[in-house]
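Asker: Let me give you the structure first, and then I'll get to my questions.
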């Protein structure tokens, strides 16, 4: 082979750079995933955050009776959905999710959001938030 026909070693640095990029990129994705996912105990910071947000929304709700306006029922419904999301990630929040959804279910069934049964269910839901 003449000097002009010898293959060059120019491809090796490109391959090394590609491998380094994949390793560094994978590491960055892994770090991002670890910092944004649940903790190692499985309880999940996301689940806890959802449960806390549900209880905060409930605390700002004075009534779930749609006759008085829709902000209260909407807020309580949102709290119910957040608690359900928390329970899906961490079954330890199932009691909270059930307690929050119960007043809405009773009201939707009876159309009486001021009944003693609804008032008791609201009190039980607020009490369940004390355990979060």
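Numbering (the working numbering), first residue to last: 106 to 237. Each residue gets a CB set at the ideal place from its N, CA and C atoms; glycine is no exception.
(1) I need the DSSP call for residue 166, collapsed to helix, strand or coil.
(2) Just confirm the distance between the C-beta atoms of residue 237 and residue 160, as a whole number of angstroms; I'd bet it's less than 8 Å.
(3) Pairs of beta-carbons, one from the segment 195 to 203 and one from the segment 170 to 181, closer than 8 Å: are there three or more?
(4) Roughly how many whole angstroms lie between the Cα atoms of residue 196 and residue 153?
(5) Is the segment 203 to 217 in contact with the segment 176 to 192, if contact means three or more CB pairs nearer than 8 Å?
(6) I'd like the list of long-range same chain contacts for residue 167, defined as Cβ closer than 8 Å, with 5 residues on each side in sequence excluded.
(7) What would DSSP say about residue 143, mapped onto helix, strand or coil?
(8) So, at 8 Å on beta carbons, what are the nonlocal neighbours of residue 181 in its own chain, with the 5 sequence-adjacent residues on each side left out?
(9) Got a sec, what are the start and stop residues for the alpha helix (DSSP H) residue 177 sits in?
(10) Apart from the five residues just before and just after residue 148, which ones in its own chain have a Cβ nearer than 6 Å to its Cβ?
(11) Count the other CB atoms within 10 Å of the CB of residue 235; is the residue buried (16 or more) or exposed (fewer)?
(12) Report, in whole angstroms, the separation of the C-beta atoms of residue 211 and residue 222, which I expect to be a contact under 8 Å.
(13) So, helix, strand or coil for residue 222, using DSSP?
Answerer: On the basis of the supplied data:
(1) Taking the chain shown and counting its residues from 1, one reaches residue 166 at position 61. Under the three-state reduction of DSSP, residue 166 is assigned to coil, being neither helix nor strand.
(2) Working through the chain shown from its first residue, we reach residue 237 at position 132. Working through the chain shown from its first residue, we reach residue 160 at position 55. At roughly 5 Å, the Cβ-Cβ gap stays under 8 Å, so residue 237 and residue 160 are in contact.
(3) Here the segment 195 to 203 does not lie against the segment 170 to 181, with fewer than 3 beta-carbon pairs under 8 Å apart.
(4) Sequence index remark: in the chain shown, residue 196 carries index 91 (1-based). Sequence index remark: in the chain shown, residue 153 carries index 48 (1-based). Roughly 11 Å separates the two Cα atoms.
(5) Output reads yes: the segment 176 to 192 touches the segment 203 to 217.
(6) Walking along the chain shown from the start, residue 167 turns up at place 62. If we look at residue 167 and ignore the five residues flanking it on each side, its Cβ neighbours are 177.
(7) Here residue 143 is taken as the residue at index 38 of the chain shown, counted from 1. Caution is warranted here: a pLDDT of 48 is assigned to residue 143, below 50, making its placement in the model unreliable, and the coordinate value is therefore given only provisionally. Three-state DSSP puts residue 143 in coil, outside helix and strand.
(8) As a position in the chain shown, residue 181 is number 76, starting the count at 1. The residues are 162, 163, 166, 169, 205, 208, 209.
(9) Translated into positions along the chain shown, residue 177 becomes position 72. In this chain, the alpha helix (DSSP H) harbouring residue 177 covers 176 to 194.
(10) Position 43 of the chain shown, counted from the start, is the residue given in the question as residue 148. Here the model assigns residue 148 a pLDDT of 46, short of 50, so the residue's position is not dependable, and the following value carries that caveat. Once the five neighbours on either side are set aside, the close Cβ partners of residue 148 are 195.
(11) Taking the chain shown and counting its residues from 1, the one referred to as residue 235 is at position 130. Label assigned to residue 235: exposed.
(12) Your numbering for residue 211 matches position 106 in the chain shown. Your numbering for residue 222 matches position 117 in the chain shown. Between residue 211 and residue 222 a beta carbon distance of about 5 Å is seen, short of the 8 Å cut, so the two are scored as contacting.
(13) By one-based count along the chain shown, residue 222 stands at place 117. Look at residue 222 here: in three-state DSSP terms it is helix.
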